[in-house]
Amino acid sequence: MTDKTWMREALHGHYAQSFTVDELLYDSETDHQRLRVFQNGTFGRMLTLDDVVQTTEGDNFIYHEMLTHVPILAHGAAKRVCIVGGGDGGMAREVLKHAGVEQVTMVEIDAGVVEFSKQYLPMLSQGAFEDERLDLVIADGAEFMKVTQGGYDVIIVDSTDPIGPGEVLFTDTFYGHAKRALAPGGVLVTQNGVPFLQGEELTNTMRAFQALFADATCYMATVPTYAGGPMAFGWGTDGAARSVTVKDLTERFASTGIACDYYTPEVHKAAFALPGYVLKLMP
Ligand code: SAM
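If you count the sequence shown from 1, position 127 lands on 127 in UniProt numbering, and the numbers rise without skipping.
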């Protein structure tokens, strides 16, 4: 095949992955980044920003279910949730499945991502943008976190990688502001890349979390299009949410009536078991 029919993601110096662009549905420069939506034979519709895979129709469920149901079900009574980033709407989709969640504030820097996703990736948001409980704020998440009144039971950072506009969302200052915006017992979770390839990113976040939270760790899941092994999600709280039992999770999960393709209470608990090479990245 020629270069024209492949999208090459070269996020990590000496290692790249490629996807066939079976049909290019959109290709444009927004004010912040190059946005492409295309159809791929294995993963369905794919969204890339600056030639880095953000989300795909085929495997987004793993990422979105694990960044929402783990903190919300561990918390047990989340009413107010903040999503930072998340422009494709997949995170809001999963959060809003919880009937107990009364208000979701989503702070996305790029209105273009929201608009394109609504049009070209409606299977991701599945109507989430029309839900009355969703308050969409178009702003830099770091600036928002500096000034918000907060009171969030769960904050989910669904950011791009720490390059470009997403960089500020990996700073100690942002994490400090996010902690301040949590209600007592609140949980902060973050997308922290693939530790096999982005170990420094995890170490830096964990160093910041350890200075801020009584309970600071990460949990993991494998998302095929985030190449290089399992990815890490940062976890920080001053509460006891991590010690929730499988029995309690099973009851809470059943009472939501939510159907998942990846999340189970057992997977939830097991996701916090970290392999040796990841433990070594913990400061
Ligand atoms: N999970 C994906 C990944 O790791 O590849 C990323 C998902 S995508 C929804 C991330 C979103 O974060 C994008 O829509 C991007 O515009 C948004 N974003 C990046 N920097 C941001 C910032 N400083 N404040 C708010 N949103 C930001």
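All residues carry an ideal CB built from backbone N, CA and C; glycine is no exception.
If you drop the 5 nearest sequence neighbours on each side, which residues of the same chain put their C-beta closer than 6 Å to that of residue i?
i           : result
residue 288 : Because the chain here runs from 1 to 283, residue 288 falls outside it and cannot be looked at.
Arg207      : Pro283
Gly185      : Gly239
Thr30       : Asp110, Gly112
Ala227      : Gln17
Met66       : Ala221
Phe170      : Pro162
Buried or exposed for residue i, please, with buried defined as at least 16 other CB atoms from any protein chain shown within 10 angstroms of its CB.
i      : result
Asp261 : exposed
Met1   : With a pLDDT of 46 at Met1, under the threshold of 50, the modelled position of that residue is not reliable, and the figure given next carries that caveat. Label assigned to Met1: exposed.
Lys280 : exposed
Ser28  : exposed
Ser255 : exposed
Tyr15  : exposed
Pro275 : exposed
Ile163 : exposed
Arg8   : exposed
Ala92  : buried
Thr173 : exposed
Glu201 : buried
Arg180 : exposed
Glu266 : exposed
In chain order, what residues of the same chain have a beta carbon less than 8 Å from the beta carbon of residue i, not counting five sequence neighbours either side?
i      : result
Leu96  : Val104, Ala128, Asp131, Arg133, Leu134
Ala74  : Val187, Ala241, Arg242, Val244, Leu249, His268
Val137 : Thr105, Met106, Val107, Glu108, Phe144
Comparing C-alpha positions only, which one of the options sits nearest to residue i?
i      : options                        : result
Val194 : Val187, Glu143, Pro184, Thr205 : Thr205
Leu47  : Ile62, Ile72, Pro71, Val21     : Val21
Ser18  : Asp51, Tyr26, Leu35            : Asp51
Leu121 : Lys269, Tyr219, Leu35, Ala273  : Leu35
Gly151 : Arg242, Gly100, Pro224, Leu182 : Leu182
Gly239 : Leu212, Leu136, Ala92          : Leu212
Trp6   : Phe116, Asp172, Leu24          : Leu24
His98  : Ala78, Asp59, Pro265           : Ala78
Val157 : Trp235, Gln149, Thr217         : Trp235
Ala241 : Leu49, Gly112, Val154, Glu94   : Val154
Pro71  : Lys146, Val189, Glu9           : Val189
Ser243 : Thr217, Phe233, Gly229         : Thr217
Ala41  : Glu57, His32, Leu49, Leu11     : Just to set this straight, residue 41 is Gly in the shown sequence, not Ala. Among Glu57, His32, Leu49, Leu11, the Cα nearest to that of Gly41 is on Glu57.
Gly199 : Val114, Gly44, Pro230, Glu251  : Pro230
Gln33  : Tyr277, Tyr175, Leu49          : Leu49
Ala259 : His12, Leu11, Val84, Glu94     : Glu94
Considering only residues of the same chain and omitting the five flanking positions on each side of residue i, which have a CB-CB separation below 7 Å?
i           : result
Pro224      : Asp59
Tyr219      : Val70, Phe233, Trp235, Ala271, Phe272
Gly44       : Thr56, Glu57, Gly58
residue 289 : Since the displayed the chain opens at 1 and closes at 283, residue 289 lies outside it and no answer follows.
Requested in this report: Kindly provide the ranges of any beta strand (DSSP E) runs that are 3 or more residues long and lie completely inside the segment 143-217, ordered along the chain.
Outcome: 152-158, 182-191
Q.
What ranges does the alpha helix (DSSP H) occupy inside the segment 234-279, keeping only unbroken runs of at least 4 residues that lie completely in it?
A. 246-256, 265-270, 276-279
What are the complete beta strand (DSSP E) segments, minimum 3 residues, inside the segment 98-130? 103-108
Quiz item: At what residue ranges does the segment 11-84 contain a whole run of the alpha helix (DSSP H), taking only runs of 4 or more?
Solution: 60-75
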